[in-house]
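Residue numbering for the sequence shown follows the numbering used here, beginning at 9 and increasing consecutively.
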Amino acid sequence: MKVQLLKIPSHLIVAGSSWLSKIIIAGVQLASISYLISILGEEKYAIFSLLTGLLVWCSAVDFGIGTGLQNYI
(Lines of atoms letter the chains of each structure in order from A and count residues from 1; the text may use other names and numbers.)
(Lines give C-alpha, C1' and ligand atoms only; values in the text may rest on other atoms or scores of the structure.)
Protein backbone atom coordinates (compact mmCIF):
# COMPACT_ATOMS: atom_id res chain seq x y z
CA MET A 1 0.00 0.00 0.00
CA LYS A 2 1.40 3.34 -1.04
CA VAL A 3 1.06 6.33 1.28
CA GLN A 4 0.06 9.52 -0.49
CA LEU A 5 1.38 12.76 0.99
CA LEU A 6 -0.48 16.03 0.68
CA LYS A 7 1.41 18.77 -1.08
CA ILE A 8 1.02 22.16 0.58
CA PRO A 9 0.72 25.01 -1.96
CA SER A 10 3.70 27.35 -1.92
CA HIS A 11 1.58 30.47 -1.33
CA LEU A 12 0.30 28.94 1.92
CA ILE A 13 3.85 28.23 3.04
CA VAL A 14 4.84 31.84 2.32
CA ALA A 15 1.78 33.22 4.13
CA GLY A 16 2.32 30.94 7.11
CA SER A 17 5.98 31.83 7.42
CA SER A 18 5.10 35.51 7.18
CA TRP A 19 2.63 35.21 10.07
CA LEU A 20 5.13 33.20 12.09
CA SER A 21 7.85 35.80 11.58
CA LYS A 22 5.47 38.60 12.63
CA ILE A 23 4.58 36.72 15.82
CA ILE A 24 8.25 36.11 16.62
CA ILE A 25 9.14 39.78 16.00
CA ALA A 26 6.30 40.96 18.26
CA GLY A 27 7.45 38.60 21.01
CA VAL A 28 11.05 39.79 20.76
CA GLN A 29 9.93 43.43 20.86
CA LEU A 30 7.84 42.84 23.99
CA ALA A 31 10.71 41.00 25.65
CA SER A 32 13.18 43.76 24.75
CA ILE A 33 10.90 46.42 26.26
CA SER A 34 10.77 44.52 29.54
CA TYR A 35 14.52 44.00 29.45
CA LEU A 36 15.29 47.65 28.72
CA ILE A 37 12.96 48.87 31.47
CA SER A 38 14.67 46.56 33.97
CA ILE A 39 18.13 47.76 32.89
CA LEU A 40 17.45 51.50 32.43
CA GLY A 41 14.56 52.11 34.78
CA GLU A 42 11.31 53.79 33.86
CA GLU A 43 12.57 57.38 33.54
CA LYS A 44 15.65 56.57 31.44
CA TYR A 45 13.60 54.20 29.28
CA ALA A 46 11.07 56.99 28.67
CA ILE A 47 13.87 59.32 27.56
CA PHE A 48 15.37 56.57 25.38
CA SER A 49 11.97 55.86 23.83
CA LEU A 50 11.29 59.54 23.19
CA LEU A 51 14.67 60.14 21.53
CA THR A 52 14.38 56.99 19.44
CA GLY A 53 10.89 57.99 18.32
CA LEU A 54 12.06 61.48 17.37
CA LEU A 55 14.96 60.09 15.34
CA VAL A 56 12.69 57.69 13.49
CA TRP A 57 10.16 60.46 12.85
CA CYS A 58 12.85 62.83 11.54
CA SER A 59 14.20 60.21 9.16
CA ALA A 60 10.70 59.34 7.91
CA VAL A 61 9.53 62.93 7.51
CA ASP A 62 11.88 63.47 4.56
CA PHE A 63 9.35 61.86 2.16
CA GLY A 64 11.74 62.11 -0.78
CA ILE A 65 12.25 65.88 -0.68
CA GLY A 66 15.89 65.49 -1.73
CA THR A 67 15.00 63.42 -4.77
CA GLY A 68 12.18 65.79 -5.67
CA LEU A 69 14.52 68.78 -5.50
CA GLN A 70 17.06 67.00 -7.71
CA ASN A 71 14.37 66.35 -10.30
CA TYR A 72 13.13 69.95 -10.07
CA ILE A 73 16.61 71.43 -10.51
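Glycine residues also receive a C-beta, built at the ideal position from the N, C-alpha and C atoms.
So, helix, strand or coil for Gly-76, using DSSP? helix
Val-69 by DSSP, collapsed to three states: which one? coil
Beta-carbon gap between Phe-56 and Leu-62 smaller than 9 Å: no
Mapping DSSP to helix, strand and coil, what is Ile-31? helix
When DSSP labels each residue in this structure, what does Ile-81 get in the three-state scheme? coil
Could you give the DSSP three-state label for Lys-10: helix, strand or coil? coil
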